[in-house]
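Engineer:
See the structure below:
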């Protein structure tokens with residue numbers, strides 16, 4: 001390889017060498033103190049603001065079951081769109097008087113979750129039931145016209 005070819009290769013690699021050096025430093029040095037803990041806190045708190053959902057599908061409907069323990073029916077809101085459902089819940093401070101003392105059981109907060117569906121939902125015929133902390137939604141599918149190909 002001639003010296004001019006070496007210089008051309010070096011010039012082409014110049015922009016990447018800075019990037020490669022930065023990546024090497026990122027993975028070889030220790031992370032700043034507290035960085036990993038703050039990442040855990042951030043992603044952990046997002047998980048705490050959510051709730052588990054099970055979805056079952058039949059040929060005619062989706063059945064969605066959400067677990068919302070301790071959330072009264074009056075604090076749950078459901079928004080239905082053509083291809084999605086958003087469930088929002090709000091829980092406040094609940095206090096019980098116990099021999100003159102107040103005991104804090106649940107902190108205040110709101111959380112919501114949006115679930116998308118591949119087939120459109122018949123918004124007018126959605127039904128919801130809430131019992132013992134379990135919210136069950138029956139979401140009928142809209143059936144389109146099947147077209148035969150000739």
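Numbering (full-length UniProt numbering), first residue to last: 1 to 150. Glycine included, every Cβ here is placed at the ideal spot set by N, Cα and C.
(1) In whole angstroms, give me the CA-to-CA distance for residue 89 and residue 16.
(2) Are residue 139 and residue 61 close, meaning C-beta to C-beta below 9 Å?
(3) In this structure, how does DSSP classify residue 150 when only helix, strand and coil are distinguished?
(4) Just the Cα atoms here: how many angstroms apart are residue 132 and residue 118?
(5) Hey, quick one: how far does the beta strand (DSSP E) through residue 135 stretch, first residue to last?
(6) Pull up the CB-CB distance for residue 26 and residue 85, whole angstroms please, since I reckon it's below 8 Å.
(7) Output needed for residue 145: all residues of its chain with C-beta closer than 6 Å, excluding positions within five of it in sequence on either side, in chain order.
(8) Could you give the distance in angstroms between the alpha-carbon of residue 63 and the alpha-carbon of residue 55?
Structural biologist: According to the structure data:
(1) 49 Å
(2) yes
(3) coil
(4) In this model, residue 132 and residue 118 are separated by some 29 Å (Cα to Cα).
(5) Residue 135 -> beta strand (DSSP E) spans 134-140.
(6) Not really, about 40 Å apart at Cβ, beyond 8 Å.
(7) none
(8) 6 Å
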